[in-house]
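Take a look at the structure set out below.
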Amino acid sequence: MSRIYGDEFSIDEKANKDFWEMRAEKYSEEHPYVSIKLNDKKPDFSDKIDEYERKNILPMLHVKEDSYVIDIGCGVGRLAEALIDQCRYYLGTDVSDGLIQIAKKRIVSETECDFLTMAFEELDNASEKVKYAGKYNRVIFAGLFLYMNDAQVSKSLENLLSILDEHALIYISVPMALQERITLADWESQDFDGEYNAIYRTKEEYMELYKPLLDAGFSISHQDYLAKEFQRFSETARYYLILER
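Residue numbers (my numbering): 43 to 287.
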């Protein structure tokens, strides 16, 4: 196992997919968000983060009855719970079929919706498999990009532009490196059983990755770190931003 500082190092995408299938098997109805938030030893911590996000960040998306929402990396449907009854249509996608099957069972709504097992870079095929084939004006990436390599993020964001409405809001949240890039390769975490692969990028690195969106007319309307109570490690912090066009 490795903890790599500074250098650009690619993580194993297949290992990550297998990891999330394993996490789906650990799903618990008592603490439904632990499987995706990875706080096995502190399950209440996941609930507190979710509560903070719903109260302080999601309202900035202004989801309403004419909103078409796509939640990429939706997991067990955590944010679908908060948004699905407010919008016109909701699509949740995730690379893990196990997590998608859980989301389908958990989320019950009269709103038109789909949950689809699909990687971010495959979204151009989504229109053939869902009820809605138009443009989206609300996009969510909650904790997704640290599990993707740089080229994969950049190319996927370029492809995303083809399915976005002229006027749209994008919400991105991700744990970020405070000083220098940190890559965990086959890392044995103290918080859960299993090997973990992730990239903690700096803010500057993320701004470079977001260039396809910024060049397409999106601008940052809000950005900040989550409250200090959610910063568990000295080298990383949870960061979010809202992009608007």
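Each residue gets a CB set at the ideal place from its N, CA and C atoms; glycine is no exception. As the structure is a prediction and not an experimental result, all values here were calculated from the model.
Where residue i sits in the DSSP three-state scheme
i, result
"L237", "Here the sequence assigns Glu to residue 237, which means Leu is not the residue at that position. DSSP places E237 in strand when its eight states are reduced to three."
"L158", "strand"
"I99", "coil"
"I212", "strand"
"Q128", "helix"
"R65", "helix"
"A175", "coil"
"A219", "strand"
"R120", "helix"
"E247", "helix"
"D228", "strand"
"Y47", "strand"
"A269", "coil"
"D60", "helix"
"D54", "coil"
"S151", "coil"
Residue i - partner residues in DSSP beta bridges
i, result
"E113", "At residue 113 the sequence reads Asp, which differs from the Glu that was named. Looking at the DSSP assignment, D113 forms a beta bridge with G134, I182."
"H264", "I284"
"Y242", "I224"
"T278", "A219"
"L206", "Y178"
CB contact flag (residue i, residue j, <8 Å)
i, j, result
"V216", "L188", "yes"
"R180", "L103", "yes"
"D92", "Y69", "no"
"I53", "T244", "no"
"C129", "V150", "no"
"A279", "M218", "yes"
"N201", "A57", "no"
"L141", "I112", "no"
"L268", "Y248", "no"
"F51", "A227", "yes"
"T135", "L158", "yes"
"S169", "E63", "no"
"L251", "S196", "yes"
"E222", "W229", "no"
"L203", "Y178", "no"
"I304", "F162", "This structure cannot speak to residue 304, because the chain is shown only from 43 to 287."
Rounded straight-line distance, which links the Cα of residue j to that of residue i
i, j, result
"A145", "L186", "17 Å"
"S276", "L220", "8 Å"
"E164", "L211", "21 Å"
"A66", "S77", "6 Å"
"L80", "H209", "34 Å"
"R148", "G119", "7 Å"
"Y174", "F183", "20 Å"
"L121", "Y47", "32 Å"
"N167", "L256", "24 Å"
"Q143", "E95", "24 Å"
"K253", "I214", "14 Å"
"R287", "K90", "31 Å"
"E154", "A258", "29 Å"
"K84", "R274", "11 Å"
"A193", "N98", "31 Å"
Any non-hydrogen atom of the ligand SAH closer than 7 Å to residue i Cβ
i, result
"E200", "Absent from the structure shown: the ligand SAH. Ligands present: none."
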